[in-house]
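Report on the following structure.
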Amino acid sequence: MTQDVRQPGRKSRKIGYSHETGLSVLLFAVLIIAWEAIVRGFGIPSLIIPTPSAVAASLVKNLGTQSFYYHIGVTLWEILAGFVVGALIGLVIGVTIGQWKLLEKIVYPYVVALQTVPKVAIAPMIIIWFGYGLMSKVVITALIVFFPVVVNCIAGMNAASRQQIEMLQSFTATRWQIFRMVKLQTALPYIFAGLDIGVVLAVIGAIVGEFIGSQAGLGNLLLQKNFSMDTAGSFAIIFVLSAIGIILHRIIHVLRNITIFWAEREGVLANEAT
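With UniProt numbering, letter number 231 in the sequence shown gets 231, and the count goes up by one each step, no holes.
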């Protein structure tokens, strides 16, 4: 009986996902066609806005050079390393603060104060402290990733059911058992929401660091294209950065579905019940 209920749910989700993907691709195609038509129709100079065909040609040209892949590799390393460092620090601090209310009142204002400092303003100092290499970009990226992760982690810990916690306490459950059985389960969707935001911001953080001072990377290459008035080349690099952000976002989404699969099941069963 249960199998009969869930099977149509899976099929409907697959059909819905295919339908949404098709509409997204269709919208992208319409926007590209409209972009090409507007630029050509109004005779807009390529220096201001290039046509999609010119951007595609520049992208193909860049993909034919080994140096372009080197720049992609440098930026990817900065993004991933900064994301991992920022996320781990955010999770550790978020879980610690979420476990002790007094600690939240003492430490959280400083976390907010750190976030209000413009990263662009302190990026030059970070470059001075850590140099023009990868380390400075990783630090900048980690600082940007840290806040959404720690905030969502704390929110998830605080969202735990008070009734469940009191019930476990009545059975003399330890703080670790309450964390593992209630708080962590409740916080996981919030944590993945923070990771989803953080991984996109990691792309921005790496590029900000490369803009301030770098010897390689897509941000460095983008500055070179801007200085040489290669607008099509600049758009091509922006397209690659967008693709990286989308891919990383999808990876986090897949990991979320694998880790907290019960959230989707509960949502489906609730929808079927109504």
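We treat Cβ as the ideally placed atom computed from N, Cα and C, and that holds for glycine.
With residue i and residue j assumed to form a contact (beta carbons below 8 Å), what rounded beta-carbon distance in angstroms separates them?
i           : j           : result
residue 134 : residue 77  : 6 Å
residue 128 : residue 240 : The Cβ separation is near 29 Å, so there is no contact.
residue 298 : residue 191 : Lying outside 1 to 274, the shown extent of the chain, residue 298 is not represented and no answer is given.
residue 198 : residue 145 : 4 Å
residue 160 : residue 141 : About 30 Å separates the two Cβ atoms, so there is no contact after all.
residue 36  : residue 21  : Going by Cβ atoms, the distance from residue 36 to residue 21 rounds to 23 Å, so no, they are not a contact pair.
residue 111 : residue 150 : 6 Å
Buried or exposed: which applies to residue i, given that a residue is buried once 16 or more other Cβ atoms fall within 10 Å of its Cβ?
i           : result
residue 235 : buried
residue 136 : buried
residue 148 : buried
residue 179 : buried
residue 183 : buried
residue 29  : exposed
residue 194 : buried
residue 39  : buried
residue 60  : exposed
residue 58  : buried
residue 244 : buried
residue 27  : exposed
residue 23  : exposed
residue 143 : buried
Quick one: what's got a C-beta closer than 6 Å to residue i's C-beta in the same chain, skipping five residues either side?
i           : result
residue 55  : 232, 235, 236
residue 75  : 206, 217, 218
residue 68  : 62
residue 213 : 127, 132
residue 104 : 97
residue 211 : 219
residue 41  : none
residue 18  : none
Which same chain residues, not among the five before or five after residue i, have their C-beta less than 8 Å away from its C-beta?
i           : result
residue 260 : 188, 189, 192
residue 215 : 132, 133
residue 196 : 249, 252, 253, 256
Please return the same chain residues whose Cβ sits closer than 7 Å to the Cβ of residue i, not counting the five positions on each side in sequence.
i           : result
residue 221 : 71, 237
residue 138 : 78, 81, 82, 85
residue 226 : 234
residue 46  : 54, 231, 232
residue 348 : The structure shown has nothing for residue 348, since the chain only spans 1 to 274.
residue 247 : none
residue 123 : 140, 208, 209, 212
Next on the checklist: Count Cβ pairs between the region 75-92 and the region 200-207 that sit closer than 8 Å; are there 3 or more?
Outcome noted: yes
Checklist entry - If you pair each beta-carbon of the region 113-126 with each one of the region 164-175, do three or more pairs fall below 8 Å? => result no
Next on the checklist: For the region 141-155 against the region 95-106, do three or more pairs of beta-carbon atoms, one drawn from each stretch, fall closer than 8 Å, so that the two count as touching?
Outcome noted: yes
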